[in-house]
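Right, one structure below, let's go through it.
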Amino acid sequence: MHLNSTAVTDAQLATEAKRRAYIVLNAWEGALISKLKAANPSVQVFVYKDLSSTRSYACHNGVDDAQLPTGIGYCDASRNHPEWFLLSPAGQRLQYSGYSGHWQMDIGNVAYQNAWADAVISASKASGFDGVLMDNALFSCATYHDNVCPARYPTDASIQTAYKAMFANTRAKFTSAGLKTVANLANARLYAGGWNAYTTNLDGGFDEWWLTFSDTNRLPEYSEGWSRQLAEISANEARGKITWVQPHFSDSAQAPFRYALASFLMVSGPRSAFSPVARTDGYGDPPQWRSEYTWRLGAPSGSYRAIATNLFRRDFACGMVLVNANPAGAATSTVPLGGTYTDEAGRTVTSVRLAGTSGSILRRSC
Numbered sequence: 000m001h002l003n004s005t006a007v008t009d010a011q012l013a014t015e016a017k018r019r020a021y022i023v024l025n026a027w028e029g030a031l032i033s034k035l036k037a038a039n040p041s042v043q044v045f046v047y048k049d050l051s052s053t054r055s056y057a058c059h060n061g062v063d064d065a066q067l068p069t070g071i072g073y074c075d076a077s078r079n080h081p082e083w084f085l086l087s088p089a090g091q092r093l094q095y096s097g098y099s100g101h102w103q104m105d106i107g108n109v110a111y112q113n114a115w116a117d118a119v120i121s122a123s124k125a126s127g128f129d130g131v132l133m134d135n136a137l138f139s140c141a142t143y144h145d146n147v148c149p150a151r152y153p154t155d156a157s158i159q160t161a162y163k164a165m166f167a168n169t170r171a172k173f174t175s176a177g178l179k180t181v182a183n184l185a186n187a188r189l190y191a192g193g194w195n196a197y198t199t200n201l202d203g204g205f206d207e208w209w210l211t212f213s214d215t216n217r218l219p220e221y222s223e224g225w226s227r228q229l230a231e232i233s234a235n236e237a238r239g240k241i242t243w244v245q246p247h248f249s250d251s252a253q254a255p256f257r258y259a260l261a262s263f264l265m266v267s268g269p270r271s272a273f274s275p276v277a278r279t280d281g282y283g284d285p286p287q288w289r290s291e292y293t294w295r296l297g298a299p300s301g302s303y304r305a306i307a308t309n310l311f312r313r314d315f316a317c318g319m320v321l322v323n324a325n326p327a328g329a330a331t332s333t334v335p336l337g338g339t340y341t342d343e344a345g346r347t348v349t350s351v352r353l354a355g356t357s358g359s360i361l362r363r364s365c
């Protein structure tokens with residue numbers, strides 16, 4: 000994702016196009032698409048568009064910017080469609096807490112749905128994008144304003160119904176336009192069935208808080224934990240849908256990286272993509288490239304399986320991945336491999352030791 004508009008060279012664009020399956024740009028960065036496609040015709044380039052807000056900072060002297068981070072311009076909506084703004088129980092427009100100039104819109108309003116989709120499709124096709132990243136597909140009515148839900152959507156269930164209606168009602172428009180749709184479904188793991196319900200009328204989902212939340216905060220197995228986040232990927236792969244996952248840790252941190260990547264490889268398929276970021280909204284320079292991304296483990300031998308309590312293994316033709324999804328601080332497990340493998344440090348090993356919330360990616364000659 001390149002959403003902070005940092006300067007990029009043609010050499011950087013060519014390098015990243017060859018490395019990545021998907022790249023997300025701002026609406027005003029359409030000129031980069033031809034350079035990316037020249038380096039890699041297969042790369043899919045998506046445009047960022049917020050589903051749920053309009054931005055007052057993208058309006059100047061009463062005129063909305065030509066290229067918007069949203070579907071609907073603030074000034075136009077304020078003048079012509081004030082009913083599209085969601086209101087608090089006190090009757091005030093709702094501004095995102097921590098995000099000045101982001102005003103929450105009524106995603107359940109059919110007129111707003113159609114206007115949003117039409118505007119996004121028109122702008123995206125004109126620039127040559129392959130798809131749309133729909134940001135902020137929310138599951139909680141109070142996501143951006145703690146303990147305050149919009150008057151129209153006083154419960155989580157009511158706002159989820161509105162999002163599902165928006166995806167269903169606009170699906171045909173995006174399909175007819177040939178644009179892929181991927182929505183940011185952060186925290187879907189906390190809502191049973193939420194991921195699959197939202198992605199039914201989308202081409203995929205993006206989980207921007209996936210499995211590791213910092214260098215030391217890693218999600219273990221429990222009812223809303225490790226396996227539920229892996230199920231997002233496996234469910235999408237089974238339905239032919241895209242999944243993007245974004246763990247969070249610093250570039251130098253090895254343990255959370257291996258935990259996240261080994262977990263991803265437990266279920267990933269041809270439509271899954273993995274791209275860590277060091278901090279929230281750290282979308283400037285390209286994310287760090289790691290040598291493990293070039294390792295070829297070969298075809299999987301089957302699905303992942305439990306080999307002990309919360310200890311999981313998946314075999315490949317040319318390697319295996321292991322994950323200990325017990326909580327941090329749990330007893331370290333020694334796992335016999337049943338053969339000779341090469342670990343991440345290049346050592347020859349026949350067993351590995353895994354602490355809680357850790358993983359390993361192992362290779363062998365084949």
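Numbering that gives the first Met the number 0 applies: residue 0 is where the sequence shown begins, and numbers increase by one.
A virtual CB, placed ideally from N, CA and C, is assigned to each residue, including glycine.
As the structure is a computational prediction, the values presented were derived from the model and not from experiment.
Asked, Found
"Endpoints, the beta strand (DSSP E) within which Trp288 is located", "From DSSP, Trp288 is part of no beta strand (DSSP E); its letter is neither H nor E."
"Rounded Cβ spacing between Phe45 and Leu137 (contact assumed at less than 8 Å)", "Going by Cβ atoms, the distance from Phe45 to Leu137 rounds to 20 Å, so no, they are not a contact pair."
"Sheet register partners of Phe273 (DSSP bridge)", "Val244"
"Proximal residues to Trp288 (C-beta, below 8 Å), its chain only, five neighbours per side dropped", "Arg18"
"Straight-line gap, Gly130 to Glu28 (C-alpha atoms, nearest Å)", "14 Å"
"Whole-angstrom C-beta distance between Thr215 and Leu201, which should lie under 8 Å", "Going by Cβ atoms, the distance from Leu201 to Thr215 rounds to 33 Å, so no, they are not a contact pair."
"Status (buried if at least 16 other CB within 10 Å, exposed otherwise) for His59", "exposed"
"Three-state class that DSSP yields for Thr374 in the structure shown", "There is no way to answer for residue 374, as the model of the chain reaches only from 0 to 365."
"7 Å Cβ shell around Ser51 - same chain, five flanking residues per side excluded", "Gln103, Met104, Ile106, Asn135 and Leu137"
"Classification of Leu189 by the beta-carbon crowding that lies within 10 angstroms, buried from 16 upward", "exposed"
"Span separating the alpha-carbon of Asn323 from that of Arg227", "15 Å"
"Spatially closest choice to Ala196 from Ala171, Gly177 and Ala234, by CA coordinates", "Ala234"
"Backbone CA spacing between Tyr56 and Leu93 [nearest angstrom]", "15 Å"
"Ile232 burial status per 10 Å Cβ neighbour count (16 or more: buried)", "buried"
"Proximal residues to Asn117 (C-beta, below 8 Å), its chain only, five neighbours per side dropped", "In the sequence under discussion, the amino acid at residue 117 is Asp, which differs from the Asn named in the question. Lys172, listed in sequence order."
"Residues near Thr160 in its chain [Cβ-Cβ closer than 8 Å; skip 5 each side]", "Gly107"
"Backbone CA spacing between Asn309 and Leu210 [nearest angstrom]", "15 Å"
"Stretch pair the region 321-337 + the region 345-362: three plus CB contacts closer than 8 Å", "yes"
"Stretch pair the region 76-91 + the region 148-155: three plus CB contacts closer than 8 Å", "yes"
"Residues near Gly268 in its chain [Cβ-Cβ closer than 7 Å; skip 5 each side]", "Glu236"
"heavy atom of the ligand SAH below 7 Å from Ala330 C-beta", "Summarising the ligand content, the structure contains no ligands, and the ligand SAH is consequently not present."
"C-alpha distance - Gly337 paired with Thr349, whole-angstrom precision", "7 Å"
"Residues that Pro335 bridges to, as DSSP identifies them", "Ser350"
"Continuous alpha helix (DSSP H) assignments of at least 4 residues falling wholly in the region 209-264", "225-237"
"Distance CB(Cys317)-CB(Gly297) smaller than 8 Å", "yes"
"Between the CA atoms of Thr242 and Pro285 - distance to the nearest angstrom", "19 Å"
"Segments assigned beta strand (DSSP E), at least 3 residues, entirely inside the region 40-64", "43-49 and 52-54"
"Nearest neighbour of Gly358, chosen from Ala125, Leu260 and Tyr98 [CA to CA]", "Leu260"
"For Ala110, the first and last residue of its enclosing alpha helix (DSSP H)", "Val109 to Ser126"
"Cβ shell of His1 (< 6 Å), same chain only, five flanking positions each side left out", "Leu24"
"Of the residues Glu220, Ile71 and Gly97, the one placed nearest Pro326, counting alpha carbons only", "Glu220"
"Met165 - containing alpha helix (DSSP H), residue span", "Asp155 to Ala176"
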